[in-house]
Amino acid sequence: MDQLDRRIIAALQYNARESTTKIAAKLGVARTTVHERINRMEERGVIAGYSVVLSSSEDAPRVQVVVLLEVQQKETTRIIKRLEAYPEVKRCLSINGEFDLLLSAEAPRIEDLDILVDDLAKIPGVLRTNTSIVFGRRIDRK
Numbered sequence: 001m002d003q004l005d006r007r008i009i010a011a012l013q014y015n016a017r018e019s020t021t022k023i024a025a026k027l028g029v030a031r032t033t034v035h036e037r038i039n040r041m042e043e044r045g046v047i048a049g050y051s052v053v054l055s056s057s058e059d060a061p062r063v064q065v066v067v068l069l070e071v072q073q074k075e076t077t078r079i080i081k082r083l084e085a086y087p088e089v090k091r092c093l094s095i096n097g098e099f100d101l102l103l104s105a106e107a108p109r110i111e112d113l114d115i116l117v118d119d120l121a122k123i124p125g126v127l128r129t130n131t132s133i134v135f136g137r138r139i140d141r142k
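Start counting the sequence shown at 1; every next residue gets the next number (the UniProt record's numbering).
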């Protein structure tokens, strides 16, 4: 991956729906160059997919929790696949120490997260959970 690939990725991260023609014009390269490089990065797995980013409305406050999961190691892949089905789960990190996975989850109401945490504990292979409510975000870099 070279500097042009990085610039294309940055453009896609800013707006994945922008046309290759517009990206090419901004970067000063041919449209076919951008198109071929995007295809190559997709084929190599550098670009794993595209997603929808929902706006966060001030009218709809969100409650956030951090959930630590201790899991049976041989079940980790299957558990992560199950976690993908929960739209409340925004992030899943593999960690070392007493727990194996760290989840960040959000929902409009604490009751929704209570149900989520109960459901997570019922997933086969999850040995135990530990949940903390987030009071505020002090640093939030993306």
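Note that the Cβ used here is the ideal one computed from N, Cα and C, for glycine as well. The structure presented is a predicted model; accordingly, all values stated were derived computationally and were not measured.
With a CB to CB cut of under 6 Å and the five nearest residues on each side skipped, what residues in its chain are close to residue i?
i: residue 83; result: 89 and 92
i: residue 64; result: 106 and 134
i: residue 103; result: 67, 89 and 92
Would you say residue i touches the ligand SAM, meaning its beta carbon is less than 7 Å from a heavy atom?
i: residue 7; result: Questions concerning the ligand SAM fall outside what the structure shown contains, since it holds no ligand whatsoever.
Is it right to say residue i is buried, meaning 16 or more other beta carbons lie within 10 angstroms of its own, or is it exposed?
i: residue 127; result: exposed
i: residue 2; result: exposed
i: residue 20; result: buried
i: residue 115; result: exposed
i: residue 37; result: buried
i: residue 110; result: exposed
i: residue 46; result: exposed
i: residue 71; result: buried
Helix, strand or coil for residue i, going by three-state DSSP, please let me know.
i: residue 106; result: strand
i: residue 74; result: helix
i: residue 130; result: strand
i: residue 52; result: coil
What residue from the options has the CA that sits closest to residue i's CA?
i: residue 96; options: 123, 73 and 5; result: 73
i: residue 28; options: 7, 139, 99 and 104; result: 7
Output needed for residue i: all residues of its chain with C-beta closer than 7 Å, excluding positions within five of it in sequence on either side, in chain order.
i: residue 78; result: 125
Assuming residue i and residue j are in contact, meaning their beta carbons sit under 8 Å apart, how far apart are those beta carbons, in whole angstroms?
i: residue 24; j: residue 31; result: 4 Å
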